[in-house]
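For the sequence shown, the positions run 1 to 985 when UniProt numbering is used.
Here is the structure we will look at.
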Amino acid sequence: MTPEVEQELSYILLVELLAYQFASPVRWIATQDVILGEKVTERIVEIGPADTLGGMAKRTLTSKYEAYDAAKSVQRQILCYNKDAKEIYYDVDPVVEEEAIPSSSGEVPAPSSSSAPAPASSALAAAAPPPPSSGPVAAVDDAPVRAVDILRALVAQKLKKTLSEIPLSKAIKDLVGGKSTLQNEILGDLGKEFGSTPEKPEDTPLDELGAAMQATFNGQLGKQSSSLIARLVSSKMPGGFNITAVRKYLETRWGLGSGRQDSVLLLALTLEPASRLGSEGDAKSYLDDVSNKYASNVGISLSAPTAGGDAGAGGGGMLMDPAAIDALTKDQRALFKQQLELFARYLKMDLRAGDKAFVGSQESQKVLLAQLDLWNTEHGEFYANGIEPSFSQLKARVYDSAWNWARQDALSMYYDIIFGRLKAVDREIVSRCIRIMNRSNPLLLNFMQYHMDTCPTEQGETYKLAKQLGEQLIDNCKDVLDEAPVYKDVAIPTGPQTTVDRRGNLEYKEIPRASARKLEHYVREMADGGKISEYGNRTKVQNDLSRIYKLIKQQHKLSKTSQLQIKSLYENVIRSLAMNEGQIMPLENGKMNGKANGKMMNGYAKKGGKNGSRLGINGHVKQGKVETIPFLHLKRKDEHGWEYSKKLTGLYLEGLEQAAKNGVTFQGKHALMTGAGAGSIGADVLQGLISGGAKVIVTTSRFSREVTEYYQSMYARYGAKGSQLVVVPFNQGSKQDVEALIEYIYDTKKGCLGWDLDFVVPFAAIPENGREIDSIDSKSELAHRIMLTNLLRLLGCIKTQKQERGFETRPAQVILPLSPNHGTFGNDGLYSESKLALETLFNRWHSESWGSFLTICGAVIGWTRGTGIMSGNNIVAEGVERYGVRTFSQQEMAFNLLGLMAPNISNLCQVEPVFADLNGGLQFIPDLKDMMTNLRKEIMETSEVRQSVTKETAIENKIVNGEESEALYKQVTIEPRANIKYQFP
Numbered sequence: 001m002t003p004e005v006e007q008e009l010s011y012i013l014l015v016e017l018l019a020y021q022f023a024s025p026v027r028w029i030a031t032q033d034v035i036l037g038e039k040v041t042e043r044i045v046e047i048g049p050a051d052t053l054g055g056m057a058k059r060t061l062t063s064k065y066e067a068y069d070a071a072k073s074v075q076r077q078i079l080c081y082n083k084d085a086k087e088i089y090y091d092v093d094p095v096v097e098e099e100a101i102p103s104s105s106g107e108v109p110a111p112s113s114s115s116a117p118a119p120a121s122s123a124l125a126a127a128a129p130p131p132p133s134s135g136p137v138a139a140v141d142d143a144p145v146r147a148v149d150i151l152r153a154l155v156a157q158k159l160k161k162t163l164s165e166i167p168l169s170k171a172i173k174d175l176v177g178g179k180s181t182l183q184n185e186i187l188g189d190l191g192k193e194f195g196s197t198p199e200k201p202e203d204t205p206l207d208e209l210g211a212a213m214q215a216t217f218n219g220q221l222g223k224q225s226s227s228l229i230a231r232l233v234s235s236k237m238p239g240g241f242n243i244t245a246v247r248k249y250l251e252t253r254w255g256l257g258s259g260r261q262d263s264v265l266l267l268a269l270t271l272e273p274a275s276r277l278g279s280e281g282d283a284k285s286y287l288d289d290v291s292n293k294y295a296s297n298v299g300i301s302l303s304a305p306t307a308g309g310d311a312g313a314g315g316g317g318m319l320m321d322p323a324a325i326d327a328l329t330k331d332q333r334a335l336f337k338q339q340l341e342l343f344a345r346y347l348k349m350d351l352r353a354g355d356k357a358f359v360g361s362q363e364s365q366k367v368l369l370a371q372l373d374l375w376n377t378e379h380g381e382f383y384a385n386g387i388e389p390s391f392s393q394l395k396a397r398v399y400d401s402a403w404n405w406a407r408q409d410a411l412s413m414y415y416d417i418i419f420g421r422l423k424a425v426d427r428e429i430v431s432r433c434i435r436i437m438n439r440s441n442p443l444l445l446n447f448m449q450y451h452m453d454t455c456p457t458e459q460g461e462t463y464k465l466a467k468q469l470g471e472q473l474i475d476n477c478k479d480v481l482d483e484a485p486v487y488k489d490v491a492i493p494t495g496p497q498t499t500v501d502r503r504g505n506l507e508y509k510e511i512p513r514a515s516a517r518k519l520e521h522y523v524r525e526m527a528d529g530g531k532i533s534e535y536g537n538r539t540k541v542q543n544d545l546s547r548i549y550k551l552i553k554q555q556h557k558l559s560k561t562s563q564l565q566i567k568s569l570y571e572n573v574i575r576s577l578a579m580n581e582g583q584i585m586p587l588e589n590g591k592m593n594g595k596a597n598g599k600m601m602n603g604y605a606k607k608g609g610k611n612g613s614r615l616g617i618n619g620h621v622k623q624g625k626v627e628t629i630p631f632l633h634l635k636r637k638d639e640h641g642w643e644y645s646k647k648l649t650g651l652y653l654e655g656l657e658q659a660a661k662n663g664v665t666f667q668g669k670h671a672l673m674t675g676a677g678a679g680s681i682g683a684d685v686l687q688g689l690i691s692g693g694a695k696v697i698v699t700t701s702r703f704s705r706e707v708t709e710y711y712q713s714m715y716a717r718y719g720a721k722g723s724q725l726v727v728v729p730f731n732q733g734s735k736q737d738v739e740a741l742i743e744y745i746y747d748t749k750k751g752c753l754g755w756d757l758d759f760v761v762p763f764a765a766i767p768e769n770g771r772e773i774d775s776i777d778s779k780s781e782l783a784h785r786i787m788l789t790n791l792l793r794l795l796g797c798i799k800t801q802k803q804e805r806g807f808e809t810r811p812a813q814v815i816l817p818l819s820p821n822h823g824t825f826g827n828d829g830l831y832s833e834s835k836l837a838l839e840t841l842f843n844r845w846h847s848e849s850w851g852s853f854l855t856i857c858g859a860v861i862g863w864t865r866g867t868g869i870m871s872g873n874n875i876v877a878e879g880v881e882r883y884g885v886r887t888f889s890q891q892e893m894a895f896n897l898l899g900l901m902a903p904n905i906s907n908l909c910q911v912e913p914v915f916a917d918l919n920g921g922l923q924f925i926p927d928l929k930d931m932m933t934n935l936r937k938e939i940m941e942t943s944e945v946r947q948s949v950t951k952e953t954a955i956e957n958k959i960v961n962g963e964e965s966e967a968l969y970k971q972v973t974i975e976p977r978a979n980i981k982y983q984f985p
């Protein structure tokens, strides 16, 4: 049979079968007869969204099988999954057993004289009335919880106050007492609870805020309140008394519906017991107390279950004395017990084994609960949740297809030029070209050459321009085909600008710096330093004089070394005092002190002769004795501590200048990065590493589709040939995750990476703002564990892996994220302690045994604008720079850090630890916090005054010209009346 015949037969067969299917009857009646009559099915479950077939079956049973079922005692169930899920899964509520209530209305026939013995009648005559039994509780009308109730409870719980201490007339801003961090946490909780909040909720009184939220409130507890209630029950209720038992008790004891149960539990959040309740009875007493307080607050009356059996013996029923019954059955029970013990001895069984096991389990439960309470009390809930492991190598996302993204970038640029979206070659175009050149490969060249050969230049000027630029790009890619990819940033360095417009609106933005149009200029500015970093400043003189004084005090035992020290310090003091007050500042066109060919003249210490003369603009000699410490410099440790090193700084700045001019490569390097989320310094460092061809594993504590897509888009934009980006979930607060991550990196088995790390950039941190010395909590402890304890564990695991595999000649360079904040700003928990403690690694590198496996490069990271930690201070950055210091953009700080990973600094770290001060001169400002406070106050006062003037002008205009005149100045938002979209192919 030929294929053509087979295809024709298949077509005919398919058509005939479909036609037969369409023409054939459903035969539902016959199907029901088989199910209900022939098979006598007693339980039918319909799986579907509606009770359609089940309804038809019920009608069939009623009309056709009702008499049949009655005759044969057949009981059928017709269930639908959509309505009868509990019956299908046998998920029935537990039946509460109640004591039997003796009948008070029925009459018992009088016993005949022949059948009633005398002892029995005497027992009946002496019978006592039975104890009262519990009857049903009086139900209370249910009322759903209100938005203002949840709002008030959340605020009270966060402030650790009772509801009576939270007046509804006050706003959140007034209640927190100026603690902005606490205010932000409350607003975050409200966002989790309600999804969205009105504009400026912190300034709105609670009653008005609750009323505004009530309009969109569904009457159910939200995510935040539910989690707080679950935490309360799990941490304070006895074992086994869960949220279901709590709600059941509130319903059966007080007759509260689900809405009032929610209200009682919200009130319980503000009346949380100090420790875990010992027994179920204590828990019920606690719930009774909370319920009564709730009833008092809302003005309702609660009643306990009523007593049943009010008639007692008045109904004439026969009553038995329990004591008489016990006496009659005492001997019988004793006999049963003897027989049971006899059988147990014969079978060698312990009748009390179950009781003993129960007692033992109760004791074990008490010990475990005590340990759990101790843990929660000492560490807190935030710490406990923060150390849960999250690492899984099965979730690793690997991005390494730079060749594919290069084609897409080239094709996108090609069509952008053709359609007129790109008309001029600016820095963004140059940057895109550099990224394409970093991914140059033969297949990419063939791909680009094909499009150039087929470009129809006769169709217009844009096609000619696309071909011209494309051919230039192909030539450039050919030139670097065998070269290593480089990280080279051609963007314009930016500076801060804060403006307050006429209406008082505050606006912050980044603007290009006039004095630095490219990173080469930026490096020279950093090398020149500023007036505030002159050697002749008062702090330097005072320090030198203090040291001379200490040495002179010991002159009776002066050695030759001490005499030379005195001479050197004295010369420094004389030179500092001789320095003038002037300083050569950079010009607006970006030219610095140096030769005309652009070579740096080492403005940080380059002297032209003994008199300290320096070469100025155009090679002219300019007299001056100003010697400054560069804004970016390296330090070397001596007997007095870490001191500025001119020699090491020269190496570092030379490397930065070369990186700015020619770029820096990281090909063949492997790096581990933590804390590289969106908007962080680490993210820009990561971009530089993969642009230079490095293979990087980056961790994230918020592993989700959104996060992985963010890193995928980063690799698609910056990934160079040979680079690789691996994204894994990781919690640096977990010891298990730390060990598992390093094992995954070094292990050579299938599914692991098998790398040997060259760089470790541990930037993971969590903010601790708003925590003074009297408010160190579980979050502070977790932050300390993440930024110090487990960071040391991470380095220890790397050392162990390198040692086990014999990697002693390739130490990993660790870029330690240090901070100039040693308690200077305050209100930051244990942040400064964590950063300060990292500096001990400089000494431990010499004193411990891991120096051949790890090298240390500590970087004091200066004021970096736009990051999560410093974003709130952006508005005062411009004012701070007026004092002669420097703040940095994320691009600039990432460039500074990548310069520390250049080969010259990496080699230097193998000789001794390197201390890089990237602080921008902030250390020379006394009382930095007070200065920032004054700057912020000045800006906010200006904004408030202008806003007040604007409001007053608007009111005056309204009174003078009428309300209609305001229509010309109001902003009108036009909403479309339809949302019609056409899906074109």
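Every residue, glycine too, gets a C-beta built ideally from N, C-alpha and C.
Between the segment 429–436 and the segment 381–391, the count of Cβ pairs shorter than 8 Å is below three; the stretches do not touch.
Looking at the DSSP output, V726 sits in a beta bridge with V398, I697. Pairing D758 with Y487, the inter-Cα distance amounts to about 17 Å.
In the DSSP annotation of this structure, the continuous segment of the alpha helix (DSSP H) that includes I742 starts and ends at 735–746. Taking C-beta separations shorter than 6 Å and ignoring five residues to either side along the sequence, the partners of T700 in its chain run V707, following chain order.
When DSSP states are grouped into helix, strand and coil, H633 belongs to the strand group. In the structure shown, the three-state DSSP call for L271 is coil. Going by DSSP, E804 is part of the alpha helix (DSSP H) stretching over 790–805. By the Cβ criterion, the segment 260–268 is in contact with the segment 141–149, since at least three pairs of Cβ atoms, one from each stretch, lie closer than 8 Å. Contact between G920 and W850 does not hold, since the beta-carbon distance rounds to 32 Å and is not under 8 Å. Taking the C-beta atoms as reference points, D51 is found nearer than 8 Å to K83.
The straight-line gap separating the alpha-carbon atoms of R76 and G48 is approximately 20 Å. Going by C-alpha positions, A978 is about 18 Å away from V972. Cβ-Cβ separation between K721 and R439: approximately 5 Å, consistent with a contact (criterion under 8 Å).
Counted as a single uninterrupted DSSP element, the alpha helix (DSSP H) harbouring P442 occupies residues 442–453. In this structure, L267 and L163 form a Cβ contact; the two beta carbons are roughly 7 Å apart against a cut-off of 8 Å. Measuring C-alpha to C-alpha distances from Q32 to each of K64, L9, L818 identifies K64 as the nearest.
Excluding the 5 residues flanking it on each side, Y249 has same chain C-beta neighbours closer than 7 Å at K284, L287, in chain order.
When only Cα atoms are considered, E639 and Y652 end up about 23 Å apart. Your pair L634 and L648 checks out as a contact, with CB atoms roughly 4 Å apart and the cut at 8 Å. Sequence-distant Cβ neighbours of Q803 in its own chain, meaning closer than 7 Å and more than five residues away, are F853.
In the DSSP assignment, H670 is bridged to K695.
Under DSSP, D282 takes part in no beta bridge, so it has no partner. As the crow flies, the alpha-carbon of V5 is around 39 Å from that of A30.
Contact check for T628 against A484 fails: the beta carbons are separated by 8 Å or more. Proximity of the segment 511–524 to the segment 901–918 falls short of the contact definition, fewer than three beta-carbon pairs being nearer than 8 Å.
Membership of G54 in the alpha helix (DSSP H) is indicated by the continuous run 53–60. Contact annotation: N843 and N769 have beta-carbon atoms that are not nearer than 8 Å. Going by C-alpha positions, T855 is about 16 Å away from M673. Looking at the DSSP output, F888 bridges to T864.
Counting of Cβ neighbours within 10 angstroms places R886 among the buried residues, the total reaching 16 or more.
Proximity to G529 across L918, T561, Y89 peaks at L918, based on C-alpha coordinates.
A distance below 8 Å between beta-carbons, with the five flanking residues on each side excluded, links Q910 to the following residues of its chain, in chain order: P811, T855.
By the neighbour-count criterion, in which a residue is buried when 16 or more other Cβ atoms sit within 10 angstroms of its Cβ, W28 is exposed. The beta carbon of L753 lies closer than 6 Å to those of I745 in the same chain, with the five residues before and after it left out. Inclusion of W405 and A716 in the CB contact set at 8 Å is warranted, their separation being smaller than that value.
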